[in-house]
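So the sequence lines, in the order shown, correspond to chains Y and U.
Position in the first sequence (first residue = 1) + 375 = the working numbering.
Letter 97 of the second sequence, counting from 1, is numbered 80 in the working numbering, and no numbers are missing.
Glycine residues also receive a C-beta, built at the ideal position from the N, C-alpha and C atoms.
All values reported here derive from a predicted model rather than from experimental measurement.
Reviewing the structure listed below.
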Amino acid sequence: MSLLRRIARFYLEGFRSMRLGRKLWALIILKLIIIFAVLRFFFFTPTLSGSAEQKSNTVSERLTAPLPARSGDRQQAHPGLPEKS
Amino acid sequence: MEIDTSLVDWSRAQFALTAMYHWVFVPLTLGLGVLVAVMETLSYAKRSEFWKDTSRFWAKLFGINFAVGVATGIILEFQFGTNWSNYSWFVGDIFGAPLAIEGIVAFFMESTFLAVMFFGWNKVSRGAHLAATWLTVIGATMSAWWILVANAWMQCPVGMEFNPDTVRNEMASFAAVAFSPMAVNKFCHVVTSSWTLGSIFVVGISCLYLLLRRHTNVALASLRVAAGFGLAAALLTAMTGHKSGAIIAQLQPMKLAAAEGLAEGGTQVPLVAAGLIRPGAEEHWAAEQSGGEDPWLLRLDVPLPGALSVLATGKADGFVPGTRDILRGGYRLPDGSVALSAEEMIARGKNAIRALADYRAAKKAGDEAAMQTARTALERDFPYFGYGYLNSPADLVPPVQPTFYSFHIMVALGGYFILLFAGLLALGKRLPGLRCVQWAALLTIPLAWLASEAGWVVAEVGRQPWSIQGLLPNCAAVSSLSTGNVQTTFFLFLGLFTILLIAEVGIMVKAIADGPES
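What follows is the structure, encoded as structure tokens:
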């Protein structure tokens, strides 16, 4: 218990005595809020959803079926299922 | 200049932007961390308050860089799930395992001891503090190891088996993934080059103090340590770079050919020392016929016969394929087999894709015999799976100009860094009076980042069109998103990272201006 208290005091005193560190912590917290609360929820939702089986079916369909050609693509996705050879 | 507005290219641009900004912070953490630990070791060994204060000053700059840079790499992982979902699923746990280990073990180890490193001055024993500093540095280096293992696997996929039931690659040998020659050498090259960058940072800032005639004792002492360590690091970087060239010659010959602008290979191939490529000459490297208009406006070779052959094969008469040789195939590979032509590999790739489709259809129909037939065909042609998505052999040639220029900038700067460190050590006590040398060292600081980023351009642009070498090109790895979404987040990141960079530079400049005594 006394060890835990000493560790807690070590960290508390460390945080209290910070000068430049306060500014850096503010920057870290702001950055984490932007990354996890804004970017993650509003801009970076995973595009694959469902169970593992559903995900494998989706990817399988994407990789084996002709993908729609996109205007301007340098590589026009794959050109459709090849003939058996 | 025409800007390609495709989804694939915007997704690539966004990933490149994020990775390159992230890489502004990482090498300084790796390099400066070791120098702080070395200086604190001197303080411990000599019971020196001077070295303690000196290491504490550099530790403050290390802390600023760490705080601003931490978590910027997480955005790359978000992009995998959103922009590259086919890729994320396809790589399975191969990519996930090293990243998870990096997050759980290395990052937490680094963060825990970082607190002792910064809060523990005068609170824990000198030995305990020194141990915390070294463990922070080891933690940061271990983080780099796992990230580079993941990257090396994309460059050279080994130690896995493809499961057509899950459409994922599954790890068959952790050791093969973690200790592949590509991973080991990449780690050594990246870490030693980061030590070089950290040393240049310390040397440059020390020279700034000499120019300003402030903190000269700290500056001269730091300079001696950083120049000595930097020279060793820069020589190690050159050695690992040489080894990297030999590995790439075997595993990614197209990258080496692009880095050297080599269209037609041969034996006793010279190494290009410097060159200027004619704008618009990209088609030269993918042309079917030999000859055509000379793509070089200027070209200077290293005056050593067969230098590229020696680099690639260890022998002056070793055969080095050019981009056109690789497309044509038919030459002897290092393992004794004959290289397939690009057209043959594309045909085999299409067979593998067809076999996967057949397997999935047979499984749905419950046809065991058809499943087995398709599986056999898939296993036979799976090494060429990704080639089936390419439209033509020319798609296999990466952008030659950025690869060539980045490679030569990196190598030239690497040579300059060796000379700089050696020169600083040779000048010794005469250095305080040589302001031109001090200016040169100070102005070298941005060049260290230029060389480091150029190295990544060679590694990543030089392996196009692949997300995973031979198995998945970018066009198949990308998610089905609207280009507008990716463009929006691209500019969002550009703004966010620019603000972070301004914050880093601002806080760092203030700390440097305050100097060691504050």
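Practice item. Take GLN447/U and list the residues in its own chain whose beta-carbon comes closer than 8 angstroms to its own, dropping the five residues that flank it on each side. Key: Here residue 447/U is taken as the residue at index 464 of the second sequence, counted from 1. Cβ neighbours of GLN447/U beyond the five flanking positions: PRO381, PRO382, ASN457.
Check your understanding: Can you name, in chain order, every residue of its own chain whose Cβ lies under 7 angstroms from the Cβ of THR471/U, other than the five neighbours on each side?
Key -> On the second sequence, residue 471/U is found 488 positions in, with the first residue counted as 1. Excluding sequence neighbours, THR471/U sits near nothing in its chain.
Review point. DSSP three-state call for ASN105/U: helix, strand or coil?
Key: Locating residue 105/U in the second sequence gives position 122, counting from the first residue. For ASN105/U, the secondary structure class from DSSP, reduced to helix, strand or coil, is coil.
Check your understanding: Taking TRP400/Y as the reference, which of LYS29/U, THR65/U, PHE101/U, GLY14/U has the closest Cα?
Key -> Within the first sequence, residue 400/Y is the residue found at index 25, counting from 1. For the residues LYS29/U, THR65/U, PHE101/U, GLY14/U, the minimum Cα distance to TRP400/Y belongs to PHE101/U.
Practice item. Using alpha carbons as the reference points, say which of GLY181/U, LYS106/U, ALA442/U, LEU323/U lies closest to SER227/U. Key: Start at 1 with the first residue of the second sequence, and residue 227/U comes out as number 244. Considering only alpha carbons, the answer is ALA442/U.
Check your understanding: Shortest alpha-carbon distance to GLU85/U belongs to which of ILE57/U, PHE368/U, HIS267/U, ALA486/U?
Key -> As a position in the second sequence, residue 85/U is number 102, starting the count at 1. Comparing Cα-Cα distances from GLU85/U to each of ILE57/U, PHE368/U, HIS267/U, ALA486/U, the minimum goes to ILE57/U.
Review point. From which residue to which residue does the beta strand (DSSP E) around ASP529/U run?
Key: Missing from the structure shown is residue 529/U; chain U here goes from -16 to 501 and no further.
Practice item. Closer than 7 angstroms by C-beta to THR543/U: which residues in its own chain qualify, once you throw out the five before and the five after it? Chain order, please. Key: The displayed coordinates of chain U run from -16 to 501. Any statement about residue 543/U would go beyond what the structure contains.
Check your understanding: Within the chosen definition, does the stretch 144 to 151 of chain U reach the stretch 213 to 230 of chain U through at least 3 CB pairs nearer than 8 angstroms?
Key -> The stretch 144 to 151 of chain U vs the stretch 213 to 230 of chain U: no contact.
Review point. Does any CB atom of chain Y fall closer than 8 angstroms to the CB of TRP178/U?
Key: In the second sequence, the residue the question calls residue 178/U occupies position 195. Answer no: the Cβ-Cβ gap between TRP178/U and chain Y never drops below 8 angstroms.
**Study point:** Local Cβ density within 10 Å of PRO429/U, reported as buried at 16 or more and exposed below that
**Key:** The residue given as residue 429/U occupies position 446 in the second sequence. The C-beta of PRO429/U has fewer than 16 other C-beta atoms within 10 Å across all chains shown, which makes the residue exposed.
Review point. Within the chosen definition, does the stretch 227 to 245 of chain U reach the stretch 304 to 320 of chain U through at least 3 CB pairs nearer than 8 angstroms?
Key: Verdict: yes, contact present.
Check your understanding: In or out: PHE416/Y buried (at least 16 other Cβ within 10 Å) or exposed?
Key -> The sequence position of residue 416/Y within the first sequence is 41, counting from 1. With fewer than 16 Cβ atoms within 10 Å of its Cβ, PHE416/Y is classed as exposed.
Check your understanding: Thinking C-alpha only, which one of PHE61/U, THR223/U, ALA229/U is nearest GLN(-3)/U?
Key -> One-based indexing of the second sequence puts residue -3/U at position 14. Shortest Cα-Cα distance from GLN(-3)/U to any of PHE61/U, THR223/U, ALA229/U involves PHE61/U.
Review point. Of all Cβ atoms in chain U, is any one closer than 8 angstroms to the Cβ of LEU379/Y?
Key: In the first sequence, residue 379/Y corresponds to position 4, counting from 1. For LEU379/Y, no CB of chain U lies under 8 angstroms from its own CB, so it is not counted at the interface with that chain.
Practice item. Check the Cβ-Cβ distances between ARG397/Y and every residue of chain U, and say whether any is below 8 angstroms. Key: The sequence position of residue 397/Y within the first sequence is 22, counting from 1. No - not a single Cβ of chain U is within 8 angstroms of the one on ARG397/Y.
Review point. Helix, strand or coil for MET491/U per DSSP?
Key: Here residue 491/U is taken as the residue at index 508 of the second sequence, counted from 1. Helix, per DSSP.
**Study point:** Which of helix, strand or coil DSSP assigns to PRO381/U
**Key:** Position 398 of the second sequence, counting from 1, holds the residue named residue 381/U. It is coil, neither helix nor strand.
Practice item. Would you decide whether GLY419/Y is buried or exposed? Buried here means 16 or more other CB atoms lie within 10 Å of its CB. Key: Position 44 of the first sequence holds residue 419/Y. The question names Gly, but residue 419/Y is Phe in the sequence shown. That one is buried.
Check your understanding: Which residues, in chain order, does the stretch 404 to 424 of chain Y contribute to contact with chain U at a C-beta distance below 7 angstroms?
Key -> Those residues of the stretch 404 to 424 of chain Y that come within reach of chain U (Cβ to Cβ, closer than 7 angstroms) are LYS406, LEU407, ILE409, ILE410, LEU414, ARG415, PHE418, PHE419, THR420, PRO421, THR422, LEU423.
Check your understanding: Which of the three DSSP states, helix, strand or coil, is assigned to PRO147/U?
Key -> Sequence index remark: in the second sequence, residue 147/U carries index 164 (1-based). Look at PRO147/U here: in three-state DSSP terms it is coil, with no helix or strand label.
Review point. Buried or exposed: ASP318/U, going by 16 or more other Cβ atoms within 10 Å of its Cβ?
Key: Residue 318/U sits at position 335 when you count from the first residue of the second sequence. With fewer than 16 other Cβ atoms inside 10 Å of its own Cβ, ASP318/U counts as exposed.
Check your understanding: Under a CB-based cut-off of 8 angstroms, is THR356/U close to chain Y?
Key -> Position 373 of the second sequence, counting from 1, holds the residue named residue 356/U. When Cβ-Cβ separations below 8 angstroms define contact, THR356/U makes no contact with chain Y.
Review point. I think PHE212/U touches VAL21/U, with their Cβ atoms under 8 angstroms apart; what is that distance to the nearest whole Å?
Key: The count along the second sequence starts at 1 and reaches residue 212/U at position 229. The count along the second sequence starts at 1 and reaches residue 21/U at position 38. With a Cβ gap of about 6 angstroms, PHE212/U and VAL21/U count as contacting.
Check your understanding: chain U beta carbons: is any one of them nearer than 8 angstroms to that of SER435/Y?
Key -> Counted from its first residue, the first sequence places residue 435/Y at position 60. Yes, because at least one Cβ of chain U sits closer than 8 angstroms to the Cβ of SER435/Y.
Review point. Any beta-carbon of chain U closer than 8 angstroms to the one on SER426/Y?
Key: Mapped onto the first sequence, residue 426/Y falls at position 51. Chain U, which has no Cβ nearer than 8 angstroms to the Cβ of SER426/Y, makes this no.
Check your understanding: Which one of PHE480/U, ALA210/U, LYS29/U, GLY438/U has the shortest CA to CA distance from GLY406/U?
Key -> As a working mapping, residue 406/U is identified with position 423 in the second sequence. When only C-alpha atoms are compared, the closest one is ALA210/U.
Practice item. Output the distance between the C-alpha atoms of SER108/U and ALA256/U, rounded to the nearest integer angstrom. Key: Along the second sequence, read from residue 1 onward, the residue named residue 108/U stands at position 125. Along the second sequence, read from residue 1 onward, the residue named residue 256/U stands at position 273. Take the alpha-carbon of SER108/U and the one of ALA256/U: they are about 53 angstroms apart.
Point to revise | Strand pairing of ARG337/U, partner residues [DSSP] | key: For the purposes of this step, residue 337/U is identified with residue 354 of the second sequence, where counting begins at 1. Answer is none; ARG337/U lacks a bridge partner.
Practice item. For my contact list, LEU291/U and LEU316/U are in at a C-beta cut-off of 8 angstroms; report their separation, rounded to the angstrom. Key: Reading the second sequence from its first residue, position 308 is the one you call residue 291/U. Reading the second sequence from its first residue, position 333 is the one you call residue 316/U. Wrong, their Cβ atoms sit about 17 angstroms apart, outside the cutoff.
Exercise for review: Return no unless some Cβ of chain Y is closer than 8 angstroms to the Cβ of SER462/U.
Suggested key: Numbered from 1 along the second sequence, position 479 holds the residue referred to as residue 462/U. A Cβ of chain Y is located within less than 8 angstroms of the beta carbon of SER462/U.
Check your understanding: How should GLY187/U be labelled, buried or exposed, when 16 other C-beta atoms within 10 angstroms of its C-beta is the threshold for buried?
Key -> Taking the first residue of the second sequence as 1, we reach residue 187/U at position 204. It counts as buried.
Point to revise | 6 angstroms Cβ shell around MET92/U - same chain, five flanking residues per side excluded | key: Taking the second sequence and counting its residues from 1, the one referred to as residue 92/U is at position 109. Same-chain partners within the cutoff: GLY122.
Review point. Which of the three DSSP states, helix, strand or coil, is assigned to SER118/U?
Key: Working through the second sequence from its first residue, we reach residue 118/U at position 135. One point to set straight first is that residue 118/U is Leu, not Ser, in the sequence displayed. Helix at LEU118/U.
Practice item. Could you tell me whether the Cβ of LEU475/U comes closer than 8 angstroms to any Cβ of chain Y? Key: The residue given as residue 475/U occupies position 492 in the second sequence. Chain Y, which has a Cβ nearer than 8 angstroms to the Cβ of LEU475/U, makes this yes.
Exercise for review: Indicate the three-state DSSP secondary structure (helix, strand or coil) for LEU259/U in the structure shown.
Suggested key: Counting from 1 along the second sequence, the entry for residue 259/U is found at position 276. Three-state result, LEU259/U: strand.
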